[in-house]
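Visitor: In this note's numbering, the protein residues as written are 1035 to 1308. Where a beta carbon is used, it is the ideal one built from N, C-alpha and C, also for glycine.
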């Protein structure tokens, strides 16, 4: 006879158990399959968009920004390699945050009427974004191999940075989803904030050597710094690490923990605000 455990409202909000985690994985998988199936159903090119988007962004930004900075041919090549290595990871991180943060509000009828772990909705968005990330990574990897620029250690390093990208993105998605239940203005500001974050993060170029004070400290507390430089390290085997990168990795882990606990706490009263 199989046994099961019910999750009661009196259970501590901070308590994690295997039963709810298993349910959360199933729900996240169901939402992810739905989103993946519907995402390109009304487009003529279908899944080709997952190939076209990263290639167009890398080529467009390389040409435009390369002309702006007046880079020579060799400088343009280095700029393109920098961008190609970091951009797919940044796009995935941005997708998790931009789609995961409003996932509770966008599915409020389901959230109010159904009992399931609320983290399943942002988790589903992370899975959907991972599909595009995987396709873009195959395109980038093929290009780097043809250019003889790929690291021999990429298959070992890439999963490590990918896991950190998912953790950092989900941390922000959890936290903003919890806040947006009561403060919808957060969702209006989010697209602009992500655009600003793109330009202040080292997506196009490696990190500058900022001191750990003032704006430099804020810069290194940005987990996107470790994400962008980490993918360069994974793809290109470039020596990008500085001691201050430890702050970027630590901030990503802290944000994940705070976001997860915030969403679990807010889930107990979510029906009062949606």
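1) With a CB to CB cut of under 7 Å and the five nearest residues on each side skipped, what residues in its chain are close to residue 1236?
2) Alpha carbon to alpha carbon, what distance is there between residue 1215 and residue 1141?
3) What do you reckon, are the CB atoms on residue 1228 and residue 1254 nearer than 8 Å?
4) Please list the terminal residues of the continuous alpha helix (DSSP H) segment that includes residue 1291.
5) Run through DSSP, which three-state label would residue 1152 get?
6) With DSSP run on the structure shown, which of helix, strand or coil describes residue 1182?
7) Less than 8 Å between the CB atoms is what I'm expecting for residue 1171 and residue 1270, so what's the real figure, rounded?
8) In or out: residue 1196 buried (at least 16 other Cβ within 10 Å) or exposed?
9) Below 7 Å CB to CB, which residues in the same chain sit around residue 1286 once its five sequence neighbours on both sides are set aside?
10) Nearest-angstrom Cα distance between residue 1043 and residue 1302?
11) Can you give me the C-alpha to C-alpha distance between residue 1289 and residue 1210, rounded to a whole angstrom?
12) Curious, which full-length beta strand (DSSP E) runs of at least 3 residues does the region 1081-1121 contain?
13) What distance in whole Å lies between the Cβ atoms of residue 1137 and residue 1110, which are believed to be in contact at a cut-off of 8 Å?
14) Under 8 Å: do the region 1243-1253 and the region 1156-1170 share three or more Cβ pairs, one atom per stretch?
15) Among the residues of its own chain, which have a CB less than 6 Å from the CB of residue 1066, if the five just before and after it don't count?
16) In three-state terms, what does DSSP make of residue 1065?
17) Can you say whether residue 1086 is buried or exposed, counting buried as having 16 or more other CB atoms within 10 angstroms of its CB?
18) For the alpha helix (DSSP H) that contains residue 1191, what are its first and last residues?
19) What separation, rounded to the nearest whole angstrom, lies between the Cα atoms of residue 1276 and residue 1267?
Guide: Taking the definition as stated:
1) Here the question's residue 1236 lines up with position 202 in the chain shown. Excluding residues within five positions, the ones whose Cβ falls inside 7 Å are 1259, 1262, 1263.
2) Against the chain shown, residue 1141 aligns to sequence position 107. Against the chain shown, residue 1215 aligns to sequence position 181. Between residue 1141 and residue 1215, the C-alpha separation is close to 11 Å.
3) Translated into positions along the chain shown, residue 1228 becomes position 194. Translated into positions along the chain shown, residue 1254 becomes position 220. The answer is no: Cβ separation not under 8 Å.
4) In the chain shown, residue 1291 corresponds to position 257, counting from 1. Its alpha helix (DSSP H) spans residues 1279-1301.
5) Within the chain shown, residue 1152 is the residue found at index 118, counting from 1. Residue 1152: coil per DSSP, three-state reduction.
6) Here residue 1182 refers to the residue found at position 148 when the chain shown is read from its first residue. Correct three-state label for residue 1182: coil.
7) As a working mapping, residue 1171 is identified with position 137 in the chain shown. As a working mapping, residue 1270 is identified with position 236 in the chain shown. The Cβ separation is near 13 Å, so there is no contact.
8) As a working mapping, residue 1196 is identified with position 162 in the chain shown. Taking every protein chain shown into account, the CB of residue 1196 has 16 or more other CB atoms within 10 angstroms, so this residue is buried.
9) Numbered from its first residue, the chain shown carries residue 1286 at position 252. Contacts found: 1198, 1201, 1202, 1205, 1257, 1260.
10) Within the chain shown, the letter at position 9 stands for residue 1043. Within the chain shown, the letter at position 268 stands for residue 1302. Because the pLDDT at residue 1043 is just 44, under 50, the model does not fix this residue reliably, and the value given afterwards should be weighed accordingly. If you take the alpha carbons of residue 1043 and residue 1302, they lie about 7 Å apart.
11) The residue you call residue 1289 lines up with position 255 of the chain shown. The residue you call residue 1210 lines up with position 176 of the chain shown. Approximately 11 Å, taken between the alpha carbons.
12) none
13) Numbered from 1 along the chain shown, position 76 holds the residue referred to as residue 1110. Numbered from 1 along the chain shown, position 103 holds the residue referred to as residue 1137. Taking the Cβ atoms as the reference, residue 1110 lies roughly 39 Å from residue 1137, outside the contact range of under 8 Å.
14) no
15) Mapped onto the chain shown, residue 1066 falls at position 32. 1158, 1161, 1162, listed in sequence order.
16) Taking the first residue of the chain shown as position 1, residue 1065 is located at position 31. Residue state for residue 1065 is assigned as helix, using DSSP reduced to three classes.
17) Translated into the one-based positions of the chain shown, residue 1086 becomes position 52. By the neighbour-count rule (16 or more Cβ atoms within 10 Å), residue 1086 is not buried but exposed.
18) Against the chain shown, residue 1191 aligns to sequence position 157. Counting along the chain, the unbroken alpha helix (DSSP H) around residue 1191 starts and ends at 1188-1214.
19) On the chain shown, residue 1276 is found 242 positions in, with the first residue counted as 1. On the chain shown, residue 1267 is found 233 positions in, with the first residue counted as 1. When the Cα atoms are used, residue 1276 and residue 1267 turn out to be separated by approximately 12 Å.
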